[in-house]
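Engineer: Chains L and B, in that order, give the protein sequences.
The C-terminal position of the first sequence is numbered 264 in this note's numbering, with every residue numbered one higher than the one before it.
The C-terminal position of the second sequence is numbered 1264 in this note's numbering, with every residue numbered one higher than the one before it.
Each residue gets a CB set at the ideal place from its N, CA and C atoms; glycine is no exception.
Below is the structure I would like to discuss, written out as structure tokens.
2 protein chains.
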Amino acid sequence: MSVKPTVLKLGGSVITDKGKKLTPNLPAIERLTKEISRANVSSLVLVHGGGSFGHPVAEQYSLAEGYKDSSQIMGFSMTHQAMTKLNKLIVESLINHNIPAVEVQPSSCVVTKAGRIQIIEDRPLRKMLEMGFVPVLYGDTVFDSETGFDILSGDQLVSSLAINLNAHRIVVGVDVNGLYTGDPKTDSAARLIRHVTLEELKKLEHRIEGSKVTDVTGGMLGKIFELKPAVEQGIQTIIVNATESNRVYKALKGEEVVGTIIER
Amino acid sequence: MSVKPTVLKLGGSVITDKGKKLTPNLPAIERLTKEISRANVSSLVLVHGGGSFGHPVAEQYSLAEGYKDSSQIMGFSMTHQAMTKLNKLIVESLINHNIPAVEVQPSSCVVTKAGRIQIIEDRPLRKMLEMGFVPVLYGDTVFDSETGFDILSGDQLVSSLAINLNAHRIVVGVDVNGLYTGDPKTDSAARLIRHVTLEELKKLEHRIEGSKVTDVTGGMLGKIFELKPAVEQGIQTIIVNATESNRVYKALKGEEVVGTIIER
């Protein structure tokens, strides 16, 4: 591929109303679409999360635990269908802003093995990028060669795609400013980490493991865990608050922005 | 695969109002969903056409001629998006009738070469069938290794899938009773052919070539042309009128029904 693509992740908590089942955050989708359009990145892959579209049904049917009995089958269909519905809103918004977006359905081209990507058919995707399209993927229900099916997180997908496509940069848009020393939602002393290396992350993880708290950073370390393989390959990764105007825009342009840069 | 699947094609002229752009035929979709549900085929793959969803935009942007200039790029995105919209209506109707339908997006897992299927990643699809899901595919805009992109017809897809999956039977639902000796819409002397072999088809094609008319059978020979490779492999193929109640049901059950059976 001539131009190295940028991989942009938009978290489910940004593009949906997490409190209300199957409710998109349309103003946020519209604003982010405009930021993507203005940034005009020459080669872009978009991956989005599920938020209130993916999680409620997936949890109700325990899809993440794999296939246990036939009562989950309809739950799989419904979860996948809900995700394609959310994707449609995003792709339509992009098309309305003249961005040649094309849905790429992970369940159609990925097979996992015990939850980790085993097969990813990326030839259609490479062809899309080569021609100037913007592929739009998402965290999805996928088939698993060991457990029957599974939930593939958008974060695992981002990392895998970034490595496969030899990405230039990963931009992760979430609903907090980046990685904090504690949970910014509950701990007022928590400080935003502007720059972190994999070595420093390891120390942070040890400290957190020691504290016996699931994740004092408010879930951000789990997200970063999935992104680490891409960072290890030398792909610069930046986490920004996508609920704040222009942060995603600036990150896509490579401009100085409030957030956490993770580097090798 | 333990159970040989049945591949059902539903033509675009059956499930959409061909005269009105982007207009589904919801009563037909509902009725056919019920027929599929009642037939309760143990392993089923569904492929549908585009009708008034796929064709108008695809033609406007000359997508079937391959990539010529960047003005077609948005047309590709819009055509694909329209097809996923139609698919969503069908999958939703199936889910509402308790059929575990899952959209499988050809553009995500197929690459053509000069219009013919070159790569088809069917491992997710095989896994779906193994687990009892009903994959739902469609004629789609796809990427092409020679021409950039192309339109993959539902009929080419049906034939290719039937061969790959070693199908038991192909049922093709169209808006006429089957293959006629002439065009039933304009020629009152046209007679329905109830049974035809590949050898007899060849003679029919020669006769038609001789007559210098594009396709006196009202387009049905072109459709059969795509299905022939599957018939050659010994897969029984039956064409029925899906606008008439119970024809698709009977064909799925293997019961006696008005239509054209094509056999090796």
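#1: Does DSSP put F981/B in a helix, a strand or coil?
#2: Inspect the CB distances between the stretch 122 to 133 of chain L and the stretch 16 to 33 of chain L and report whether three or more fall short of 8 Å.
#3: Find the residues of chain L that neighbour R1123/B, judging by a C-beta separation of less than 7 Å, and give them in chain order.
#4: On the criterion of 16 or more Cβ atoms from any shown chain inside 10 Å, does R1247/B qualify as buried, or is it exposed?
#5: Does DSSP put K1021/B in a helix, in a strand, or in coil?
#6: Given a threshold of 16 other Cβ atoms within 10 Å of its Cβ, counted over all protein chains shown, does T112/L qualify as buried or as exposed?
#7: For G219/L, which option in V231/L, S13/L, M83/L and T237/L has the closest C-alpha, if you only look at C-alpha atoms?
#8: By Cβ distance, which residues of its chain are closer than 7 Å to S950/B, with the 5 residues on each side in sequence left out?
#9: Report yes if the CB atom of G1259/B is closer than 7 Å to the CB atom of G1148/B, and no otherwise.
#10: Where does the unbroken beta strand (DSSP E) through R169/L begin, and where does it stop?
#11: Reducing DSSP to helix, strand and coil, say where R1247/B ends up.
#12: Along the stretch 61 to 89 of chain L, where does the CB come closer than 8 Å to a CB of chain B? Name the residues.
#13: In the DSSP output, which residue or residues are listed as bridge partners for D1140/B?
#14: Where L1165/B and M1128/B are concerned, what is the direct C-alpha to C-alpha distance, given to the nearest angstrom?
#15: Let me know the beta strand (DSSP E) ranges lying completely inside the stretch 171 to 208 of chain L, each 3 residues or longer, listed in chain order.
#16: Distance, Cα to Cα, I261/L vs M83/L?
#17: If you measure between the beta carbons of S71/L and I29/L, is that distance less than 7 Å?
#18: Assign V257/L to one of two classes, buried (16 or more other C-beta atoms within 10 Å of its C-beta) or exposed (fewer than that).
#19: Distance, Cα to Cα, Y1067/B vs V1047/B?
#20: Is it buried or exposed, K1202/B, if we count other Cβ atoms within 10 angstroms and call 16 or more buried?
#21: Look at the alpha carbon of G1049/B and the alpha carbon of Q1105/B, and state the distance between them as a whole number of angstroms.
#22: For the alpha helix (DSSP H) that contains V1057/B, what are its first and last residues?
#23: Going by the DSSP bridge assignment, what does N166/L pair with across the sheet?
#24: Within the 7 Å Cβ cut-off, does V91/L reach chain B?
#25: So, with DSSP's three-state summary, where would you put R1264/B?
#26: Residues of chain L with CB under 9 Å from P1005/B, in chain order?
#27: Kindly give me the distance between the Cβ atoms of D1150/B and V1142/B, rounded to whole angstroms, as I take these residues to be in contact under 8 Å.
#28: Exposed or buried, which one is N1241/B when buried takes at least 16 other CB atoms within 10 Å?
#29: Can you pull the chain B residues whose beta carbon is under 8 Å from the beta carbon of I151/L, in chain order?
#30: Could you say which of M74/L, I15/L and V231/L lies nearest to L160/L if we only look at CA atoms?
#31: S1188/B versus chain L: which residues are under 7 Å apart at the beta carbon?
#32: What is the residue span of the alpha helix (DSSP H) that T33/L lies within?
#33: Count the other CB atoms within 10 Å of the CB of N1096/B; is the residue buried (16 or more) or exposed (fewer)?
Structural biologist: Once the coordinates are examined:
#1: Here chain B has residues from 1001 to 1264 only, and residue 981/B is not among them.
#2: Under the three-pair Cβ rule at 8 Å, the stretch 122 to 133 of chain L does not count as touching the stretch 16 to 33 of chain L.
#3: V111 and I119, listed in chain order.
#4: Buried, by the Cβ-count rule.
#5: Coil, per DSSP.
#6: Buried: at least 16 other Cβ atoms inside 10 Å.
#7: Among V231/L, S13/L, M83/L and T237/L, the Cα nearest to that of G219/L belongs to S13/L.
#8: A question about residue 950/B goes unanswered here, because the residues of chain B that appear run from 1001 up to 1264.
#9: No; because the gap between Cβ atoms is not below 7 Å, this pair is not in contact.
#10: Note, R169/L: beta strand (DSSP E), R169 to V174.
#11: Note: R1247/B maps to helix in three-state DSSP.
#12: So the list reads Y67, S70, I73, M74, F76, S77, M78, H80, Q81, T84, K85 and K88, given in the order they occur along the chain.
#13: Partner(s): L1152/B.
#14: So the alpha carbons of these two residues sit roughly 12 Å apart.
#15: Within the stretch 171 to 208 of chain L, the complete beta strand (DSSP E) runs of at least 3 residues are 195 to 197.
#16: Looking at the two C-alpha atoms, the distance is approximately 29 Å.
#17: Cβ atoms of S71/L and I29/L: not closer than 7 Å.
#18: Burial state of V257/L is buried, judged by a 10 Å Cβ sphere holding 16 or more other Cβ atoms.
#19: Using only the alpha carbons, I get a separation of about 25 Å.
#20: By the neighbour-count criterion, in which 16 or more other beta carbons inside 10 Å mark a residue as buried, K1202/B falls on the exposed side.
#21: The alpha-carbon atoms of G1049/B and Q1105/B are separated by roughly 13 Å.
#22: V1057/B -> alpha helix (DSSP H) spans G1051 to Q1060.
#23: N166/L pairs with nothing; no bridge assigned.
#24: Chain B contact via Cβ: present.
#25: Here DSSP, grouped into helix, strand and coil, assigns R1264/B to coil.
#26: Correct list: empty, because the minimum Cβ distance to chain L is about 16 Å.
#27: The beta-carbon separation of D1150/B and V1142/B, rounded to 6 Å, stays under the 8 Å limit for a contact.
#28: Buried, because 16 or more other Cβ atoms sit within 10 Å of the Cβ of N1241/B.
#29: Residues of chain B whose Cβ lies closer than 8 Å to the Cβ of I151/L do not exist; the shortest such Cβ separation is about 14 Å.
#30: Position check: residue 160/L holds Ser in this sequence, whereas Leu was assumed. Selection M74/L, I15/L and V231/L evaluated against S160/L yields V231/L as nearest (Cα-Cα).
#31: The premise fails here: S1188/B is roughly 45 Å from chain L at the closest Cβ pair, so nothing lies under 7 Å.
#32: From DSSP, the alpha helix (DSSP H) with T33/L extends over L26 to A39.
#33: Burial call: exposed.
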